[in-house]
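K.L.:
Once you know that position 72 of the sequence shown is 72 in full-length UniProt numbering, the rest is easy, because the numbers rise by one and skip nothing. The C-beta atom is built at its ideal place from N, Cα and C for all residues, glycine as well. Please read these numbers as outputs of a predicted model, since none were measured by experiment.
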Amino acid sequence: MSWSEVVMIWLLGGAIGLMEQGKLKGKLKEKVLLLSLIGACYAISLALVWVHELPGPTQWIDTLYKPLGKLLEK
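1) Which same chain residues end up closer than 8 Å to leucine 54 when comparing Cβ atoms and leaving out the 5 residues on each side of it in sequence?
2) Would you grab the beta carbon distance between glycine 22 and isoleucine 38 for me? Rounded to a whole angstrom, and I think it's under 8 Å.
3) Going by beta-carbon coordinates alone, are serine 36 and isoleucine 9 separated by less than 8 Å?
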């Protein structure tokens with residue numbers, strides 16, 4: 001992932017936040033959730049720029065459930 005892709009993700013995240021701002025007037029929990037999801041996307045995009053070999057979500061799930069699969073095979 002390049003820096004231009006990170007900038008595009010940040011611009012899209014900001015645009016989504018601005019578009020949803022009017023709909024979330026007076027809804028604190030929903031605003032916090034939206035900001036935390038956008039923040040997580042920002043963090044992941046930056047992590048992918050710095051660490052190119054970062055494993056994807058499917059590799060995380062495989063690592064997480066591999067011991068369970070071995071238990072079920074026995």
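P.N.:
Looking at the atomic coordinates:
1) The count along the sequence shown starts at 1 and reaches residue 54 at position 54. Once the five neighbours on either side are set aside, the close Cβ partners of leucine 54 are Ala47 and Leu48.
2) For the purposes of this step, residue 22 is identified with residue 22 of the sequence shown, where counting begins at 1. For the purposes of this step, residue 38 is identified with residue 38 of the sequence shown, where counting begins at 1. Not really, about 16 Å apart at Cβ, beyond 8 Å.
3) As a first step, residue 36 is located in the sequence shown; it is residue number 36 there, counting from the start. As a first step, residue 9 is located in the sequence shown; it is residue number 9 there, counting from the start. No, these two residues do not count as a Cβ contact at 8 Å.
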